[in-house]
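Trainee: Dropping a structure here in C-alpha cells format, bear with me for questions.
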Amino acid sequence: MDAPFDSPTDSFPRRSQMSTIAMNPGFTRERASRAPRTTPVRLTRRGQVVAVVLFLGLLLAVLTVYGSHSAATGEAGAPVATRTVEVGQGDTLWAIASETAEPGHVREMVHQIQELNALPSAALRVGQEIAVPVR
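Sequential numbering from 83 applies to the sequence shown in my numbering.
Written out as C-alpha cells, the structure is:
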C-alpha cells in the first residue's frame, strides 16, 4: 500500500508515515491547587475621570454637611436702642463712637457701629445716615 513511485509518471505521491505529537494542555494538578494570581486593577482614562468626579462629588457632599454654617438665624437678635446720626464734613467713625462710648471702650463701639450698619470699613460719606447705639 505504501509503495514508492514506480515511475516518474505516477501522479500520486506516496503516503508518508504520520507521527503523533503529545500536546501539553498547560495545566497540571500542581497548578490547579495553587491560588490564582491577582493582577492589580488598571483604570482606563475614562475610569480615572469617573473616579475623580465621584471623589470630588463625595468631597463636596461632606463639606456641605460638615462645613461651617451661616451665623444668620431666623430668630430676631436682642434689640438695641439706637439714634440716627447724619455724617457731616470731617466726621469719622472714631469721633462719632467716642461721643457715645464710655472712656476706654471706643474701639468696641466702633466695631458695634460697623456691625449695626453693616459697614465694610470705617470709611463714611458726608450725608450718610448711620445708626448709633444709645448709652
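All residues carry an ideal CB built from backbone N, CA and C; glycine is no exception.
Indicate the three-state DSSP secondary structure (helix, strand or coil) for glutamate 181 in the structure shown.
Mentor: Along the sequence shown, one-based indexing puts residue 181 at 99. Glutamate 181 falls in the helix class under three-state DSSP.
Trainee: So, is alanine 183 buried or exposed, given that buried needs 16 or more other C-beta atoms within 10 angstroms?
Mentor: Counting from one through the sequence shown, the residue named residue 183 turns up at place 101. When all chains shown are included, alanine 183 counts as buried.
Trainee: Decide yes or no for the touch test of the stretch 123-133 against the stretch 168-182: beta carbon pairs closer than 8 Å, at least 3 of them.
Mentor: They do not touch, by the three-pair rule.
Trainee: For a minimum of 3 consecutive residues, which ranges assigned as the beta strand (DSSP E) are wholly contained in the stretch 165-216?
Mentor: Runs found: 211-215.
Trainee: I need the straight-line Cα distance from leucine 221 to isoleucine 195, nearest angstrom please.
Mentor: No answer is possible for residue 221: the residues shown for the chain start at 83 and end at 217.
Trainee: With DSSP as the reference, label leucine 125 as helix, strand or coil.
Mentor: Taking the sequence shown and counting its residues from 1, the one referred to as residue 125 is at position 43. Here leucine 125 sits in coil by DSSP.
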